[in-house]
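Numbering (the working numbering), first residue to last: 5 to 72.
From the three backbone atoms N, C-alpha and C, an ideal C-beta is built for every residue, glycine too.
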């Protein structure tokens, strides 16, 4: 795997986590907002055991927070 493939995979995982957070908020009847998405991602990061997954969630929350 070259560097571009790894970056594409990381971007896909981040997008998946953000999408999952949005679906979770919708299913729980919570209004979708930047803060709500960040809070959802950070809450999931606290319970996940895998260090790589924690990093993906941290980065996803940071991208949402900054609006990237």
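- Pairing residue 48 with residue 61 gives a Cβ-Cβ distance under 8 Å.
- Shown here, residue 53 sits in coil according to DSSP, grouped into three states, outside any helix or strand.
- In this structure, the beta-carbon distance from residue 41 to residue 52 does not fall below 8 Å.
- For residue 55, same chain residues with a beta-carbon under 7 Å away, outside a window of 5 residues either side, do not exist.
- With fewer than 16 neighbouring CB atoms inside 10 Å of its own CB, residue 66 falls in the exposed class.
- Residue 21 counts as buried, since no fewer than 16 other beta carbons sit within 10 angstroms of its beta carbon.
- Within a 10 Å sphere around the beta-carbon of residue 35 sit fewer than 16 other beta-carbons, which makes this residue exposed.
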